[in-house]
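Written out below as structure tokens is the structure these notes cover.
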Amino acid sequence: MTSMYAEEILDHYRNPRNFGELKDAQIKYKESNPLCGDEYEFYLKVNNGLVSDAKFFGDGCAISKASASMLSEHVKNKTLDDLKKMKLDDVLKLLGIEVSAARTKCALVALLAIQKGIQKFEGGKNDGSQR
Amino acid sequence: MFDGKKIREDFPIFNSNKDLIYFDNAATTQKPKQVLDALQEFYSQCNANVHRGIYKIAVEATDEYEEAREKVSQFINSKIEELIWTRGATEAINQILYAWALWNLKKDDEIVTTIMEHHSNLVPWQLLQKNGVKIRYVNLNGDGTLNMKELENSVSKKTKFVTVTQMSNVLGTINPVEEIVKIAHDNGALCLIDAAQSVPHMEVDVKKINCDFLVFSAHKMLGPTGVGGLYAKQEILEKLDPALRGSEQIKSVSLFETEWTDLPWKFEPGTPNFADIVAFGYAVDYLKKLGMKNVREHERDLTKYALEKLQQISKLKIFGPLNGTRGGVISFQLADIHAHDMASFLDDNNIAVRSGHHCAMPLMKYLGISGTTRASFYIYNMKEEIDKFIETLEKAKQVFKV
Numbered sequence: 009m010t011s012m013y014a015e016e017i018l019d020h021y022r023n024p025r026n027f028g029e030l031k032d033a034q035i036k037y038k039e040s041n042p043l044c045g046d047e048y049e050f051y052l053k054v055n056n057g058l059v060s061d062a063k064f065f066g067d068g069c070a071i072s073k074a075s076a077s078m079l080s081e082h083v084k085n086k087t088l089d090d091l092k093k094m095k096l097d098d099v100l101k102l103l104g105i106e107v108s109a110a111r112t113k114c115a116l117v118a119l120l121a122i123q124k125g126i127q128k129f130e131g132g133k134n135d136g137s138q139r
Numbered sequence: 026m027f028d029g030k031k032i033r034e035d036f037p038i039f040n041s042n043k044d045l046i047y048f049d050n051a052a053t054t055q056k057p058k059q060v061l062d063a064l065q066e067f068y069s070q071c072n073a074n075v076h077r078g079i080y081k082i083a084v085e086a087t088d089e090y091e092e093a094r095e096k097v098s099q100f101i102n103s104k105i106e107e108l109i110w111t112r113g114a115t116e117a118i119n120q121i122l123y124a125w126a127l128w129n130l131k132k133d134d135e136i137v138t139t140i141m142e143h144h145s146n147l148v149p150w151q152l153l154q155k156n157g158v159k160i161r162y163v164n165l166n167g168d169g170t171l172n173m174k175e176l177e178n179s180v181s182k183k184t185k186f187v188t189v190t191q192m193s194n195v196l197g198t199i200n201p202v203e204e205i206v207k208i209a210h211d212n213g214a215l216c217l218i219d220a221a222q223s224v225p226h227m228e229v230d231v232k233k234i235n236c237d238f239l240v241f242s243a244h245k246m247l248g249p250t251g252v253g254g255l256y257a258k259q260e261i262l263e264k265l266d267p268a269l270r271g272s273e274q275i276k277s278v279s280l281f282e283t284e285w286t287d288l289p290w291k292f293e294p295g296t297p298n299f300a301d302i303v304a305f306g307y308a309v310d311y312l313k314k315l316g317m318k319n320v321r322e323h324e325r326d327l328t329k330y331a332l333e334k335l336q337q338i339s340k341l342k343i344f345g346p347l348n349g350t351r352g353g354v355i356s357f358q359l360a361d362i363h364a365h366d367m368a369s370f371l372d373d374n375n376i377a378v379r380s381g382h383h384c385a386m387p388l389m390k391y392l393g394i395s396g397t398t399r400a401s402f403y404i405y406n407m408k409e410e411i412d413k414f415i416e417t418l419e420k421a422k423q424v425f426k427v
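Protein chains in written order, with the working numbering: chain A, 9 to 139; chain B, 26 to 427.
Here you go:
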């Protein structure tokens, strides 16, 4: 088993990419993982159906922060449908490590923030069009 | 004296997991073969429902079952009538809530407890708030001990109930329970001691403590899961109706009325978890044979050794008393390494510890942290294991670049 604490993971943990708030993001969602107390807010800007910018803010363990950081890079120029289809395996592929069963929730918290954010965004839009 | 290495031979888990360093004893302990054998023997030789059958193996099963009660009640120095079997400490606390507190505490009554309680001695009492009962929390001193001055000031004539842990599952703090009980009684309040972390590790004498209620769990003291003890003073139990109702606890039943049977069975409806309770009796035999003074001494020795070594690690913060009256539970944080990362890293090195809030979220908030890593010791732990633990922490510092 590749160690969970590979050089690249720790690099993203210590120097998270796209860290901070994105003021004019249309998608904004906070998700937490009570197991570790991880809590992240994800911000996505959407342009012509594509994610044009992404940032995140929050704190937690190395696994959760590294996955949030890597996802913040990965989501750019993807369609919302692409992101909705992402699963745990896709996050693990980004992380490049195996994560012990007890820690999969840590790896998933950022993806959940993104996907729930999209759901809320699209739900809100549907409500609007029905009115 | 005490030989951790010799004791390990009685624990099959260390045979199946050769390199395992098990430091999560505050969560649950491992089981010696004497307990596992007792379980196997009971089911193979005299399995039958207790207190019912008149055939031979049913009598034998009942004898074994009640013998376990005798052993465990002696262990805490209670009368047989005063030891009620439950599923664990949590259920025992809930029984006190539903059999006594909900019926007796009224609007503007107060209960006093501490900020260091486990959720199981905190969440149940919140229900009383719906009746207008006020909960007061006593804070800590800087060293993680209970602020006794504040406790004294919090208990008043309005206080009907004081409930306190004997040993914190996070800080290792051992509270002066005899003194606390006296303060409660002087003000006319009843007192519960959550002894889930103390009965396994030190001599606990309910008569000496003079508490009204005391609870503990078998699985934290070499016994099986799903067994716990509720001690309550006989004169209190006699006045109460049981929290749980059904079979096995009655003298007679008519369509609209029931007459309860004698203590302690009055509080034990349904078929009890008798096989596990019998095995629990053997766990207590095992501890008695070691001697609880020796158990305490062994853990005190390990804890002192670990605390000394831990304090030499720079950027390591220990939560809880560094000396004095404390048990073998050590919570710490190493620089900014998240508790779960720390635990995963230790696990990569076959060291099992606990990380997170330890079911004490109000305490975490009070300490201003999201969680800690916790190492907790028991009879089979050795200094060599602490050495490896310390080495691994040093290694973590390098890997996490702190």
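Just so you know, even glycine gets a beta-carbon here, dropped at the ideal spot from N, CA and C. All of these numbers come straight from a predicted model, not from anything done at the bench.
How would you write the range of the alpha helix (DSSP H) that residue i sits in, first residue to last?
i, result
"Tyr21(A)", "Glu15 to Arg22"
"Ala300(B)", "Phe299 to Leu315"
"Arg33(B)", "Gly29 to Arg33"
"Glu410(B)", "Lys408 to Val424"
"Leu96(A)", "Leu96 to Leu103"
"Ala117(B)", "Ala114 to Ile121"
"Asn55(A)", "Premise fails: Asn55(A) lies in the beta strand (DSSP E), Asp46 to Asn55, not in any alpha helix (DSSP H)."
"Phe402(B)", "Where Phe402(B) is concerned, there is no enclosing alpha helix (DSSP H), given that its DSSP letter is neither H nor E."
"Lys276(B)", "Taken as a continuous stretch (DSSP letters only), Lys276(B) belongs to no alpha helix (DSSP H), being part of the beta strand (DSSP E) at Ile275 to Val278."
"Ser369(B)", "Ala364 to Asp373"
"Ser69(B)", "Lys58 to Gln70"
"Leu152(B)", "Where Leu152(B) is concerned, there is no enclosing alpha helix (DSSP H), given that its DSSP letter is neither H nor E."
"Met386(B)", "Met386 to Leu392"
Kindly list, in the order they appear in chain A, the residues whose Cβ is closer than 8 Å to that of residue i.
i, result
"Pro426(B)", "This sequence places Lys at residue 426(B); Pro is not what is there. Neighbours of Lys426(B) on chain A, chain order: Leu18 and Arg22."
"His363(B)", "Cys44, Gly68, Cys69 and Ala70"
Please list, in chain order, the chain B residues whose beta carbon lies closer than 8 Å to that of residue i.
i, result
"Ser108(A)", "Ser369 and Asp372"
"Arg111(A)", "His365 and Ser369"
For residue i versus residue j, is the C-beta distance shorter than 8 Å?
i, j, result
"Ala220(B)", "Gln259(B)", "no"
"Ala51(B)", "Asn146(B)", "no"
"Asp44(B)", "Asn375(B)", "yes"
"Ser369(B)", "Ser40(A)", "no"
"Lys86(A)", "Val59(A)", "yes"
"Gly353(B)", "Glu324(B)", "yes"
"Leu152(B)", "Leu130(B)", "no"
"His383(B)", "Cys69(A)", "no"
"Ile208(B)", "Glu175(B)", "no"
"Lys53(A)", "Asp61(A)", "yes"
"Trp125(B)", "Leu265(B)", "yes"
"Thr198(B)", "Pro294(B)", "no"
Terminal residues of the continuous beta strand (DSSP E) containing residue i?
i, result
"Asn41(A)", "Ile35 to Asn41"
"Glu81(A)", "Glu81(A) -> not in any beta strand (DSSP E); alpha helix (DSSP H) instead, spanning Ala70 to His82."
"Trp285(B)", "Thr283 to Trp285"
"Tyr80(B)", "Looking at the DSSP string, Tyr80(B) is not in any beta strand (DSSP E), and its letter there is neither H nor E."
"Trp110(B)", "Leu108 to Thr111"
"Lys63(A)", "Leu58 to Asp67"
"Ile160(B)", "Lys159 to Val163"
"Glu293(B)", "Counting along the chain, Glu293(B) falls outside any beta strand (DSSP E), and DSSP gives it neither H nor E."
"Phe344(B)", "Leu341 to Phe344"
"Val354(B)", "Val354 to Leu359"
"Lys131(B)", "Premise fails: Lys131(B) is in no beta strand (DSSP E) and is neither H nor E."
"Ser41(B)", "Unbroken run through Ser41(B) is the alpha helix (DSSP H), Ile38 to Ser41; no beta strand (DSSP E)."
"Arg379(B)", "Arg379 to Gly381"
What in chain B is Cβ-close to residue i, meaning under 9 Å?
i, result
"Met12(A)", "Asp366, Ser369, Phe370 and Asp373"
Relative to the ligand MG, is the shortest distance from any of its heavy atoms to the C-beta of residue i smaller than 7 Å?
i, result
"Leu58(A)", "The ligand MG is not part of this structure, which contains no ligands at all."
Using a Cβ-Cβ cut-off of less than 8 Å, give me the residues of the segment 141-169 of chain B that come near chain A, in sequence order. Using a CB distance below 8 Å, no part of the segment 141-169 of chain B faces chain A.
Looking at chain A, which residues of the segment 42-64 of chain B have a Cβ within less than 7 Å of any of its Cβ atoms? So the list is empty, because no residue satisfies the distance condition.
Proximal residues, the segment 274-306 of chain B versus chain A, C-beta separation under 9 Å: Hits within the stretch: zero.
Taking a Cβ distance cut-off of 7 Å, strictly less, list which residues of the segment 392-422 of chain B are near chain A, in chain order. Of all residues in the segment 392-422 of chain B, the ones placed with a Cβ closer than 7 Å to any Cβ belonging to chain A are Ser395 and Gly396, in chain order.
In chain order, what residues of the segment 246-276 of chain B put their CB closer than 9 Å to some CB of chain A? Per Cβ criterion, the list is empty.
Uninterrupted alpha helix (DSSP H) stretches inside the segment 173-258 of chain B (no shorter than 4 residues): Runs of the alpha helix (DSSP H) spanning 4 or more residues and lying entirely within the segment 173-258 of chain B occur at 173-179, 202-211 and 231-234, in chain order.
Taking Cβ-Cβ distances below 9 Å as the criterion, which residues of the segment 376-387 of chain B are in contact with chain A? Residues passing the 9 Å Cβ filter: Ser380, Gly381 and His382.
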